[in-house]
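Trainee:
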Amino acid sequence: MRPRRRGSPSKSWWRTWWGGPWPGPRAARLRHDTRHRPGLVGPTTFVWEGDDALAPVRVGWIGLGIMGKPMARNLLKAGYPLTVYNRSRAAVEELAAEGATPAASPAEVARQADRIFTMVTDSPDVEQVVLGPQGVLEGAREGAILIDMSTISPQVSRRIAQEAAAKGVQALDAPVSGGDVGAREGTLSIMVGGDREAFEAVLPLFQVLGKTITYVGPAGSGQEVKLVNQIVVALTVLAMAEGLAYARKVGLDLETVLQVITQGAAGSWTLSHYGPRVLRGDFAPGFMVRLQQKDLRLALESAAAAGQPLPGTALVHQLFRHLEATGAGNEGNHALVKVLEALGGQGERG
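Under the working numbering, the first residue of the sequence shown is numbered 2, with each subsequent residue one higher.
#1: Leaving out five residues before and five after T84 in sequence, what residues of the same chain have Cβ atoms less than 8 Å from its Cβ?
#2: Where does the unbroken beta strand (DSSP E) through I63 begin, and where does it stop?
#3: Spell out the partners DSSP gives V85 in its beta bridges.
#4: Grouping DSSP H, G and I as helix and E and B as strand, with all else coil, what is P71?
#5: Of all the options Q129, Q163, R90, L299, which has the alpha carbon lying nearest to the alpha carbon of P219?
#6: Going by DSSP, which residues form a beta bridge with A240?
#7: Would you say the beta carbon of G265 is closer than 7 Å to some non-hydrogen atom of the ligand FMN?
#8: What are the residues that DSSP puts in a beta bridge with Y247?
#9: According to DSSP, is Q224 part of a helix, a strand, or is it coil?
#10: Since R142 is in the beta strand (DSSP E), which residue starts that stretch and which ends it?
#11: Name, in chain order, the residues that DSSP records as bridge partners for M289.
#12: Taking A91 as part of the alpha helix (DSSP H), name the residues at either end of that continuous run.
#13: D126 and Q231: beta carbons closer than 8 Å?
#14: So V193 is in the beta strand (DSSP E); what residue range does that whole segment cover?
#15: Considering only C-alpha positions, which residue in the set E349, L272, L173 is nearest to A202?
#16: Can you tell me the Cα-Cα spacing of F118 and G348, whole angstroms?
#17: For a test of the three-state rule: what should DSSP assign to F284, helix, strand or coil?
#18: Count Cβ pairs between the segment 203–223 and the segment 146–156 that sit closer than 8 Å; are there 3 or more?
#19: For a test of the three-state rule: what should DSSP assign to T17, helix, strand or coil?
#20: Can you give me the C-alpha to C-alpha distance between V279 and A246, rounded to a whole angstrom?
#21: Taking Cβ to Cβ, would you say R298 is nearer than 8 Å to H318?
#22: How far does the beta strand (DSSP E) with G1 in it reach, from first residue to last?
#23: Using the beta-carbon count (16 or more within 10 Å), is G180 buried or exposed?
Here's what the structure looks like:
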């Protein structure tokens with residue numbers, strides 16, 4: 002049985018489908034419910050549009066890269082009507098073949114969506130797709146919610162939230178951690194800044210995308226927490242790279258070393274996920290070097306504005322800049338081991 006699109010549903014129909022009492026014709030929103038509903042796939046959210054229609058939340062997605070495409074796909078699999086835009090049309094066509102609606106611009110996405118997600122590279126990219134010509138705010142209706150899941154400057158996130166609010170649109174900054182694996186499997190950690198009620202309204206969608214969803218404070222706070230994450234991740238990658246470079250230099254069996262240290266105090270998500278890739282010489286990106294370098298730049302800029310020195314972050318940022326300059330910008334951040342091995346005269350890896 003499918004939700005009726007015209008006319009108010011009867012009380013008996015409501016009780017059969019929803020499993021609860023009739024809330025009255027002016028209910029503002031049907032709350033998220035994860036129980037199985039006949040005819041639905043996944044935890045789809047429904048909203049009232051006036052008194053006459055019961056319809057699933059329409060989702061828009063802008064940015065279909067390594068992270069964005071699997072995240073958008075998970076929402077599509079969960080049953081949400083999805084409109085997508087990407088500068089490269091190949092990714093759009095791929096999701097269109099799976100049931101998504103292609104759009105010609107961010108504004109067109111916004112016109113067809115209640116919740117508009119952006120997942121692009123850097124602050125200027127978000128500013129372009131949100132504030133620029135044919136951007137999200139040109140098409141978004143009053144009451145829509147914009148969710149930026151990119152990692153960008155906290156200051157830019159706050160400015161976007163202010164400009165969105167002036168047009169009656171709420172904005173959340175919701176960067177993620179967990180890499181390409183987390184994006185595919187829907188197990189990301191999501192840190193969200195912005196209005197608390199907007200967060201609650203988007204929570205059902207976040208629960209499709211991630212396993213750990215945390216509201217962290219007002220606009221910009223999500224980005225600041227993400228930068229804390231990136232500082233720790235980058236320094237952990239550096240520690241792994243130094244340790245494995247040393248182990249290789251002194252002739253240890255690297256598989257044995259990895260097995261031992263992952264079970265002790267040195268064990269970490271980074272070591273468990275990227276250590277085996279380093280040993281195989283597999284530097285395909287989970288998180289690209291150029292993006293890691295960009296995030297560290299953002300962290301250093303934000304910390305400088307706050308008056309907080311970050312000496313370790315400054316060092317690892319320079320190492321990632323060097324690695325990117327060698328042409329490895331699109332490799333995974335665990336390729337940092339190449340820099341340490343080169344410093345030790347170990348020769349190039351494949």
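Don't be surprised by glycine CBs; every beta carbon is placed ideally from N, CA and C.
Here the structure is a predicted model, which is why all the values come from computation and not from measurement.
Mentor: So, from the listed chains and residues:
#1: Here the set comprises R59, V60, G61, W62, A101, T102, P103, A104, E109, V110, Q113, A114.
#2: Here the beta strand (DSSP E) through I63 covers 60–63.
#3: Per DSSP, W62, P103.
#4: Helix, per DSSP.
#5: Of Q129, Q163, R90, L299, the residue nearest in Cα terms is Q163.
#6: Bridge partners of A240: none, in fact.
#7: Annotation note on the ligand FMN: not contained in the displayed structure, which lists no ligands.
#8: Y247 pairs with nothing; no bridge assigned.
#9: Q224 carries a helical assignment under DSSP once its states are collapsed to helix, strand and coil.
#10: Counting along the chain, R142 falls outside any beta strand (DSSP E), and DSSP gives it neither H nor E.
#11: Assignment of beta-bridge partners to M289 by DSSP yields G333.
#12: Per DSSP, A91 belongs to the alpha helix (DSSP H) from 90–97.
#13: Taking C-beta atoms as the reference points, D126 and Q231 fail to come closer than 8 Å.
#14: Per DSSP, V193 belongs to the beta strand (DSSP E) from 189–195.
#15: Residue L173 is the option with its Cα nearest to A202.
#16: Taking the straight line from one Cα to the other gives about 44 Å.
#17: F284 falls in the coil class under three-state DSSP.
#18: Contact between the segment 203–223 and the segment 146–156 is present, with at least three C-beta pairs closer than 8 Å.
#19: Residue placement at T17 is poorly supported in this model, since its pLDDT is 35, which falls under 50; the coordinates are not used for a value here.
#20: One alpha carbon belongs to V279, the other to A246, and they sit about 10 Å apart.
#21: Contact flag set, yes.
#22: Past the boundaries of the shown model lies residue 1; the chain is included only from 2 to 351, so the question cannot be answered.
#23: Burial call: buried.
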